[in-house]
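Using this note's numbering, the letters of the sequence shown correspond one by one to residues -14 to 184.
Below you'll find the structure, written out as structure tokens, and then a few comments.
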Amino acid sequence: MTPNSELTGFIRAELRDLARLLSETADSDIPAQAEEASAWCRDTLKAGGTIYYCGNGGSQAEAMHLAAELHGRLEFDRAPLAALAIGLNASTSSAIGNDYGFEFAFARELAIVRPGDIVFALTTSGRSPNVHHAIATAHARGARVIAVTGSGSDDLEDADLHLRIPSDRTRNVQEASLAIGHLICLIVERAMRDESPHP
């Protein structure tokens, strides 16, 4: 196959844009916030709690991805860690959406949340009504909320910790969000490795 120089240049430019975003993220407050998020997750898991993830579209795929990292392994063999991505049961989501409205789909699934649990709210825009209702329900049930959004998001003052990726391009926000999510999972995995040896 003969490379298309125009497309090759486009790909290089996009990768460089992503590299710049990751560099800006590294120089922002996000690494310190991610460290704090990791500590919260570690403490929750040590206390027998659960980490929940929610998001729409690509963010829901990220929610599934990160929960899977905790169920399985990232770098080390260990026991599975308690994590769950919500919004995956089509019957539940369609029933809630039909009876109450899609904006309550996550909130009603979070009836299982207990005090001390962690809920990650993944939303590039920060304006998803179902995510906002999920945050309110999580707080009402005594959980803490970690929001990961793009720079164009609302303030999400109701989140306990708000990691704001310095971009408003959806795909780039999702790419950086996944990188941060992986690092949080890795730190948690390292912290829990001795506490939860591989069975």
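C-beta: ideal position from N, C-alpha, C; glycine also.
CA nearest to the CA of residue i, picked from the options
i    : options                  : result
I81  : L0, A123, E94            : E94
L148 : A11, A119, F91           : A11
D179 : R126, A106, F61, H117    : F61
I150 : E(-1), E142, H117, T108  : T108
N41  : A106, S152, T122         : A106
N74  : S8, M49, H56             : M49
A17  : Q45, E54, L146, M177     : L146
Q45  : S113, S(-10), N(-11)     : S113
S152 : N(-11), E(-9), L7, G(-6) : L7
Cβ-Cβ distance between residue i and residue j below 9 Å
i    : j    : result
N157 : D14  : no
A96  : N115 : no
S162 : G137 : no
V130 : I165 : no
R99  : R126 : yes
R5   : E174 : no
A144 : I103 : no
A52  : G101 : no
T155 : G135 : yes
A176 : R27  : yes
Rounded Cβ spacing between residue i and residue j (contact assumed at less than 8 Å)
i    : j   : result
Q159 : G72 : So it is not a contact: roughly 16 Å between Cβ atoms.
L171 : A19 : The Cβ separation is near 10 Å, so there is no contact.
Cut-off 7 Å between Cβ atoms - residues of its own chain near residue i, not counting five sequence neighbours on either side
i     : result
E(-1) : none
S78   : G72, A90
A189  : Outside the shown range of the chain, which is -14 to 184, sits residue 189, and nothing can be said about it.
E47   : G40, L107, Q159, S162, L163, G166
Chain-order list of residues whose beta-carbon lies under 8 Å from that of residue i (same chain, five-residue window excluded)
i    : result
E142 : none
H56  : P65, L66, A68
Cutoff 6 Å; reference residue i; Cβ partners in own chain excluding five residues on either side
i   : result
E54 : C170
> Can we say the region 74 to 90 touches the region 16 to 26, given the rule of at least three CB pairs closer than 8 Å?
Replying inline: no
>> Does the contact criterion of 3 or more C-beta pairs under 8 Å hold for the region 24 to 40 versus the region 65 to 83?
In response: yes
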